[in-house]
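Engineer: A single structure is presented below for examination.
Now the structure itself:
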């Protein structure tokens with residue numbers, strides 16, 4: 013635990029390998045497949061640029077299936093999450109995501125030595141909102157955990173992240189009105205020699221340096237500071253990637269909607285909407 017906390021503090025993320033058993037992986041994947049078969053209307057893809065992906069969010073998803081009940085506060089990471097964010101931490105969101113095979117061709121201008129990469133849309137969640145981050149030693153206002161439910165390597169889609177310490181996040185410029193958010197993200201970690209990159213779908217954005225592509229076996233989980241720069245690395249691949257995203261934060265400050273999705277205005281609102289089953293609703 014101490015090693016993981018230290019790594020998280022220095023890098024803004026940590027990977028917990030073999031967090032799930034093969035039985036747990038199968039339970040989740042089979043449960044989601046059953047939900048897709050029974051409720052296909054909830055798994056319709058919206059408009060996307062060049063590649064196919066679809067996700068479903070809690071609370072609705074948790075009302076339709078029991079397969080994710082053990083994932084909301086999974087013991088492989090719950091002590092870690094609580095050690096970072098403190099007592100009173102609650103789940104504030106959950107999304108199951110499919111990223112489907114993609115046969116698009118990579119651009120001639122390869123990004124960061126990754127010959128299969130088609131796209132990277134770098135971002136900090138919630139515009140870099142760090143409300144309440146000063147309350148803990150890790151300068152973390154919210155945590156996102158991404159469970160890999162398929163083996164992930166350089167031949168398929170993955171999550172990528174730029175290491176950034178708590179000390180660095182404290183020192184970054186922030187907004188002075190409204191929610192406290194990190195500013196200057198557009199120019200952060202940009203390659204000074206080739207600052208822009210056009211992806212396979214014609215979108216231009218900053219070419220970032222220093223990234224880590226998180227490749228790991230099914231059952232591993234990436235735990236990261238929600239304000240860290242990260243993205244989905246979309247690759248030319250014939251393989252499906254399934255992942256479960258779970259978000260955590262403190263209920264305070266109530267006025268801040270970080271790590272929450274519409275229509276929920278607070279952690280309490282989200283918790284009230286969850287099924288009243290053991291291990292899911294805690295508020």
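In our numbering, the protein residues as written are 13 to 295. For each residue, glycine too, the CB sits at the ideal point set by N, CA and C.
Residue ranges of each beta strand (DSSP E) run of no fewer than 3 residues wholly in the region 28-83, ordered along the chain?
Structural biologist: 65-69
Engineer: Tell me whether residue 131 sits in a helix, a strand or coil according to DSSP, three-state version.
Structural biologist: strand
Engineer: From residue 152 to residue 213, what distance separates their C-alpha atoms?
Structural biologist: So the two alpha carbons sit approximately 33 Å from each other.
Engineer: Could you give the distance in angstroms between the alpha-carbon of residue 205 and the alpha-carbon of residue 84?
Structural biologist: 43 Å
Engineer: I'd like the span of the alpha helix (DSSP H) that includes residue 89, first residue to last.
Structural biologist: From DSSP, the alpha helix (DSSP H) with residue 89 extends over 87-97.
Engineer: Let's see if you can read the secondary structure: which residues bound the beta strand (DSSP E) around residue 180?
Structural biologist: From DSSP, residue 180 is part of no beta strand (DSSP E) but of the alpha helix (DSSP H) over 178-183.
Engineer: Give the straight-line distance between the Cα atoms of residue 71 and residue 285, rounded to the nearest whole angstrom.
Structural biologist: 6 Å
Engineer: Quick one: residues in its chain with C-beta nearer than 8 Å to the C-beta of residue 291, no 5 flanking neighbours on either side, listed in chain order?
Structural biologist: 81, 82, 84 and 85
Engineer: Less than 6 Å between C-beta atoms, sequence neighbours within five positions excluded: which residues of the same chain meet that for residue 258?
Structural biologist: 106 and 157
Engineer: When we look at the beta-carbon of residue 61 and count the other beta-carbons within 10 Å, is it buried (16 or more) or exposed?
Structural biologist: exposed
Engineer: Indicate whether the contact test is met: 3 or more Cβ pairs, each with one atom in the region 181-199 and one in the region 136-148, closer than 8 Å.
Structural biologist: yes
Engineer: With three or more beta-carbon pairs closer than 8 Å as the criterion, would you say the region 176-195 touches the region 93-105?
Structural biologist: no
Engineer: In three-state DSSP terms, what is residue 234?
Structural biologist: In the structure shown, residue 234 sits in a strand (DSSP, three-state: E or B).
Engineer: Which residue from 293, 242 and 264 puts its Cα closest to that of residue 134?
Structural biologist: 242
Engineer: Can you tell me whether DSSP reads residue 146 as helix, strand or coil?
Structural biologist: helix
Engineer: Starting from residue 280 and walking both ways along the alpha helix (DSSP H), at which residues does that stretch end?
Structural biologist: 279-285
Engineer: In whole angstroms, what separates the C-alpha of residue 223 from that of residue 277?
Structural biologist: 33 Å
Engineer: Following the continuous alpha helix (DSSP H) through residue 16, name the residue where it begins and the one where it ends.
Structural biologist: 14-23
Engineer: Let me know the alpha helix (DSSP H) ranges lying completely inside the region 160-228, each 4 residues or longer, listed in chain order.
Structural biologist: 178-183
Engineer: Does DSSP put residue 140 in a helix, in a strand, or in coil?
Structural biologist: helix
Engineer: Can you list, in chain order, the residues of its chain whose CB lies under 8 Å from that of residue 33, leaving out five sequence neighbours each side?
Structural biologist: 231
Engineer: Grab me the residues of residue 127's own chain with a C-beta within less than 7 Å of its C-beta, minus the 5 sequence neighbours each way, in chain order.
Structural biologist: 118
Engineer: Quick one: any contact between the region 14-26 and the region 171-180, if contact means 3 or more CB pairs under 8 Å?
Structural biologist: yes
Engineer: So, helix, strand or coil for residue 105, using DSSP?
Structural biologist: If DSSP states are grouped into helix, strand and coil, residue 105 belongs with the strands.
Engineer: So what does DSSP say about residue 276, is it helix, strand or coil?
Structural biologist: coil
Engineer: Please report the distance separating the alpha-carbon of residue 91 from that of residue 215.
Structural biologist: 40 Å
Engineer: What's the gap between the Cα of residue 42 and the Cα of residue 88?
Structural biologist: 21 Å
Engineer: Let me confirm a value: residue 266 is counted as buried when at least 16 other C-beta atoms fall within 10 Å, else exposed. Which label applies?
Structural biologist: exposed
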